[in-house]
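One structure below.
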Amino acid sequence: MDLQGIIIILIFINGIIAIAFEHSLKINKSWIAIFTGSSMWIVLAIGQDPEAMNEAIQEGSQEIFGLIVFLIGAMTIVEMMAHFRFFTWIEAKLLKLKISNRKLFWILGAITFAASAVLDNLTSTLIMIQIGRHLYIRKRNFNVFVINTVIAANAGGAMSPVGDVTTIMMWLEGKFTAWQIVLHGFLPAVAAWAIPQAILTSKIFYEDRDSREHKVIEPLKWNIILLGFTTFGFAIFVNLVHLPPFMGILLGMGVAAIVIDFRMKKGSLKKKANKMVNVIKTIDMATIIFFIGILLAVHALSFHGVLQQIAHVIFGENPALDPGRIMVGHTILGLVSSVLDNVPLTAAVMEMLPDSIHYQYWILLAVTAGTGGSVLIIGSAAGVAAMGQVPELSFKDYLVKGSIPALLGYFAAIGVWWLQNLLF
């Protein structure tokens with residue numbers, strides 16, 4: 003590896019360490035991330051061919067643009083639903099059930115797992131964090147809930163053709179059918195979610211909810227709430243016509259804004275605060291900046307070939323001849339994806355492995371690439387978004403409370419896949 007590669011790797015590692023100790027340094031992680039990502043690109047630009055550099059920046063910017071626009075759209079719709087008291091309504095309904103804290107924890111985990119298979123892990127995480135804010139007063143409980151939400155969302159997304167960017171990539175390339183990933187990915191995904199959930203349940207402590215059970219909830223604007231869910235449906239639909247998900251989320255935002263403004267004109271919505279332009283102002287821009295910084299850093303590593311070199315080291319020169327090497331390679335790749343973006347790693351593996359490989363091994367890759375990112379909070383879009391949305395959840399908190407449960411769930415998922423492959 004040349005000097006440039008060594009320097010950008012050192013910058014990346016130091017950036018991750020600084021993010022981990024943001025509270026001690028008293029520097030917001032968003033500024034650390036954006037400094038890390040941009041400085042890596044500046045180092046790469048030294049001595050590079052301007053045309054090649056410009057092409058790389060444009061290619062990376064397109065992917066970053068798509069993810070950031072989707073994140074802004076998803077955050078806007080979630081804020082809209084919060085503004086129209088949907089999450090307060092859910093809080094009131096759940097509190098009426100008078101269930102224990104730990105049963106509630108399991109119910110919310112199951113909802114997250116199922117929702118991420120239908121929507122995607124990023125959207126599901128944003129929605130569930132809003133719900134959790136209304137249900138958990140204690141910071142300690144809320145942090146554990148967010149950790150579990152990231153793990154459950156990543157696990158649920160790994161068993162669905164539309165639940166994660168990597169599963170979408172492999173599904174569209176014909177590596178497996180939608181039925182195959184759901185059928186053979188379901189049990190491994192359940193293991194990746196349920197085992198960490200069971201471990202984290204012991205960290206949920208009692209909360210007195212009686213003081214919040216008698217809130218008077220105004221009638222919901224159900225047509226607005228349904229518009230929000232329809233918007234996420236648009237994001238799924240556009241995948242079927244080979245358009246990026248952000249096109250669907252933008253379409254939904256436009257429809258929602260027009261409907262809200264029209265209803266204000268008719269008088270059924272009277273508060274100026276209800277206008278979508280005011281809802282957008284409530285989005286946490288620090289989350290967006292943090293996301294951009296992490297994506298810039300990962301794309302810098304990808305441009306320099308670091309991720310591709312890692313994939314070649316993991317799988318060797320001719321992995322198609324050794325199924326055992328493929329299984330071990332997928333396992334290692336999943337763990338690497340807890341630090342590096344799983345999308346370029348998965349793309350590199352898709353280029354290396356021949357189409358003749360049995361679809362079960364592609365399903366294993368979907369499971370490992372999707373759930374391995376749960377080991378560290380920066381390892382997945384859901385985790386990065388959660389870290390941005392929840393300032394009180396630090397890298398260190400996740401590492402201490404969530405990494406070992408996620409790791410145990412990860413290896414359990416691989417074990418379940420292996421048993422399935424052996425028996426069926």
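Numbering-wise, the sequence shown is residues 3 to 426 according to my numbering.
Backbone N, C-alpha and C define an ideal beta-carbon position, used for all residues, glycine too.
Only a predicted model underlies this, so the values are computations on that prediction, with no experimental measurement involved.
Taking the continuous alpha helix (DSSP H) assigned at residue i, which residues delimit it?
i	result
S104	First, the residue type needs correcting, since residue 104 is Arg and not Ser in the sequence shown. It spans 103 to 120 - the alpha helix (DSSP H) in which R104 sits, taken as one unbroken run.
E61	52 to 85
D286	That residue, D286, is in no alpha helix (DSSP H); it is neither H nor E in DSSP.
S405	405 to 425
V341	Premise fails: V341 is in no alpha helix (DSSP H) and is neither H nor E.
F37	31 to 47
T168	167 to 174
L309	308 to 317
E24	24 to 27
V386	383 to 391
Reducing DSSP to helix, strand and coil, say where residue i ends up.
i	result
K141	helix
G295	helix
I10	helix
S213	Unreliable placement is indicated for S213, whose pLDDT of 46 sits below 50; no coordinate value is reported for it.
G187	helix
S204	coil
G254	helix
M161	coil
E93	helix
S431	Residue 431 is absent from the model: the chain starts at 3 and stops at 426.
K223	coil
L378	coil
K100	coil
T151	helix
S396	coil
H244	coil
F178	coil
D263	helix
I131	helix
V218	Confidence in V218 is poor, its pLDDT being 48 and thus under 50, which makes the residue's placement unreliable; the coordinate value appears in the next sentence. Residue state, collapsed to three classes: coil.
Please report the Cβ distance between residue i and residue j, rounded to the nearest whole angstrom; I am assuming they are in contact, meaning their Cβ atoms lie under 8 angstroms.
i	j	result
P247	V240	6 angstroms
I11	I21	That pair is no contact at about 16 angstroms.
L110	G134	7 angstroms
N143	F207	6 angstroms
L430	L124	The displayed coordinates of the chain run from 3 to 426. Any statement about residue 430 would go beyond what the structure contains.
S118	G159	4 angstroms
A299	F14	6 angstroms
L378	S358	Not confirmed; about 34 angstroms, so no contact.
F86	K223	5 angstroms
L303	L309	6 angstroms
H301	G62	4 angstroms
Q2	A84	The structure shown has nothing for residue 2, since the chain only spans 3 to 426.
P198	A383	So it is not a contact: roughly 18 angstroms between Cβ atoms.
A157	F107	A157 to F107, Cβ: 15 angstroms. No contact.
L347	F234	Their Cβ separation, rounded to whole angstroms, is 27 angstroms, which puts L347 and F234 out of contact at 8 angstroms.
I380	I18	7 angstroms
If you measure between the beta carbons of residue i and residue j, is that distance less than 7 angstroms?
i	j	result
S340	G375	yes
H306	G39	no
V148	L395	yes
A191	M171	no
G390	T284	no
I366	H314	Reading the sequence as shown, one finds Leu at residue 366 and not Ile. Their beta carbons are not under 7 angstroms apart, which means L366 does not touch H314 by this criterion.
I262	G75	no
G411	A194	yes
N150	L202	yes
A415	T373	yes
A388	T127	yes
I291	S41	no
G385	V152	yes
T370	M255	no
D343	N145	no
V345	V167	yes
I93	H25	The sequence given here has Glu at residue 93, not Ile. Cβ distance not < 7 angstroms, so E93 and H25 don't count as in contact.
I316	L335	yes
E81	V281	yes
W364	F178	yes
F264	L253	no
Does any residue of chain B bring its CB to less than 7 angstroms from the CB of residue i?
i	result
M82	Considering every chain present, this structure includes no chain B. It has just one protein chain.
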